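Below: one structure, written as C-alpha coordinates.
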Amino acid sequence: MKVGQRLKSAVCTTNVVVVRAAEVTLSCGGAAMVEKLEGEPSGEVAAGLDGGTALGKRYLHTESGLEVMCVAAGTGSLAVDGVVLELKAAKSLPASD
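The sequence shown begins at -3 in the working numbering and counts up by one.
See the structure below:
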(Lines of atoms letter the chains of each structure in order from A and count residues from 1; the text may use other names and numbers.)
(Lines give C-alpha, C1' and ligand atoms only; values in the text may rest on other atoms or scores of the structure.)
Protein backbone atom coordinates (compact mmCIF):
# COMPACT_ATOMS: atom_id res chain seq x y z
CA MET A 1 0.00 0.00 0.00
CA LYS A 2 1.01 3.58 -0.65
CA VAL A 3 -0.03 6.83 1.02
CA GLY A 4 -2.86 8.39 -0.99
CA GLN A 5 -3.95 5.07 -2.51
CA ARG A 6 -7.75 4.67 -2.83
CA LEU A 7 -9.27 1.28 -2.02
CA LYS A 8 -12.82 0.01 -2.53
CA SER A 9 -14.76 -2.76 -0.83
CA ALA A 10 -15.91 -5.67 -2.99
CA VAL A 11 -19.00 -6.32 -0.81
CA CYS A 12 -20.28 -2.87 0.23
CA THR A 13 -19.99 0.81 -0.62
CA THR A 14 -16.99 1.53 1.65
CA ASN A 15 -14.12 3.47 0.04
CA VAL A 16 -10.96 4.54 1.89
CA VAL A 17 -7.77 6.53 1.30
CA VAL A 18 -4.51 5.33 2.86
CA VAL A 19 -3.13 7.96 5.28
CA ARG A 20 -0.26 5.87 6.73
CA ALA A 21 0.90 2.90 4.72
CA ALA A 22 1.84 -0.58 5.95
CA GLU A 23 2.51 -3.91 4.27
CA VAL A 24 -0.75 -5.62 5.24
CA THR A 25 -3.88 -6.82 3.46
CA LEU A 26 -6.87 -4.64 4.28
CA SER A 27 -10.32 -6.21 4.11
CA CYS A 28 -13.84 -4.89 4.46
CA GLY A 29 -16.77 -7.08 5.41
CA GLY A 30 -14.54 -10.16 5.13
CA ALA A 31 -13.37 -9.54 1.52
CA ALA A 32 -10.05 -8.00 0.47
CA MET A 33 -10.26 -4.37 -0.64
CA VAL A 34 -9.33 -3.60 -4.26
CA GLU A 35 -8.12 -0.56 -6.21
CA LYS A 36 -10.54 -0.97 -9.09
CA LEU A 37 -13.93 -2.58 -8.98
CA GLU A 38 -15.78 -3.66 -12.10
CA GLY A 39 -19.45 -2.80 -11.62
CA GLU A 40 -21.23 -2.57 -8.29
CA PRO A 41 -20.11 -4.27 -5.04
CA SER A 42 -21.60 -7.74 -4.70
CA GLY A 43 -21.56 -10.55 -2.19
CA GLU A 44 -22.41 -10.81 1.46
CA VAL A 45 -20.79 -8.96 4.35
CA ALA A 46 -19.40 -11.59 6.74
CA ALA A 47 -21.06 -11.99 10.14
CA GLY A 48 -19.07 -10.21 12.83
CA LEU A 49 -17.59 -7.84 10.24
CA ASP A 50 -20.81 -5.91 9.68
CA GLY A 51 -20.27 -2.97 12.05
CA GLY A 52 -19.99 -0.48 9.19
CA THR A 53 -17.74 2.45 8.44
CA ALA A 54 -18.44 6.15 8.97
CA LEU A 55 -17.76 8.89 6.42
CA GLY A 56 -14.79 11.11 7.28
CA LYS A 57 -13.55 8.94 10.14
CA ARG A 58 -10.04 7.52 10.40
CA TYR A 59 -9.39 3.89 11.24
CA LEU A 60 -6.14 2.57 12.74
CA HIS A 61 -4.38 -0.80 12.95
CA THR A 62 -1.99 -0.23 15.87
CA GLU A 63 0.24 -3.26 15.27
CA SER A 64 1.24 -2.26 11.73
CA GLY A 65 0.66 1.50 11.92
CA LEU A 66 -1.83 1.41 9.03
CA GLU A 67 -4.22 4.36 9.04
CA VAL A 68 -7.02 4.91 6.53
CA MET A 69 -9.71 7.56 6.14
CA CYS A 70 -13.20 6.61 5.03
CA VAL A 71 -14.36 8.64 1.99
CA ALA A 72 -17.56 6.63 1.37
CA ALA A 73 -19.42 4.86 4.17
CA GLY A 74 -20.62 1.27 3.99
CA THR A 75 -21.96 -1.66 5.99
CA GLY A 76 -18.74 -3.70 6.28
CA SER A 77 -16.07 -3.31 8.98
CA LEU A 78 -12.42 -2.68 8.06
CA ALA A 79 -10.02 -5.38 9.24
CA VAL A 80 -6.43 -6.65 8.93
CA ASP A 81 -5.94 -10.41 9.42
CA GLY A 82 -9.44 -10.68 10.92
CA VAL A 83 -8.75 -7.96 13.52
CA VAL A 84 -11.22 -5.07 13.17
CA LEU A 85 -9.56 -1.65 12.89
CA GLU A 86 -10.24 0.77 15.70
CA LEU A 87 -11.80 4.18 15.20
CA LYS A 88 -9.14 6.83 15.74
CA ALA A 89 -10.12 9.32 18.43
CA ALA A 90 -10.21 12.99 17.52
CA LYS A 91 -7.54 15.21 19.04
CA SER A 92 -8.92 17.80 21.41
CA LEU A 93 -8.07 21.38 20.53
CA PRO A 94 -6.62 23.73 23.13
CA ALA A 95 -9.08 26.09 24.75
CA SER A 96 -8.93 29.68 23.62
CA ASP A 97 -9.36 32.20 26.38
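Even glycine gets a Cβ: it sits at the ideal position worked out from N, Cα and C.
These numbers were taken from a predicted model, which means no experiment stands behind them.
Looking at the DSSP output, M65 bridges to V13, R54. Using a 10 angstroms sphere on the CB of G61, the tally of other CB atoms stays under 16, which defines it as exposed. Assignment of K4 by DSSP, reduced to helix, strand and coil, places it in the strand class.
Beta-bridge annotation (DSSP): G70 is paired with T49. The straight-line gap separating the alpha-carbon atoms of R16 and S92 is approximately 30 Å. In this structure, the straight-line span from the alpha carbon of G26 to that of G35 is close to 19 Å.
The residues V14, A17, in chain order, have a CB closer than 6 Å to that of M(-3) in the same chain once the five nearest residues on each side in sequence are set aside.
The alpha carbon of K32 has as its nearest neighbour, out of E19, N11, T49, the alpha carbon of N11. In the displayed model, A27 falls within a strand according to three-state DSSP. If you ignore the 5 residues before and after T21, its C-beta comes within less than 8 Å of the C-beta of A28, V76, D77, all in its own chain and listed in chain order.
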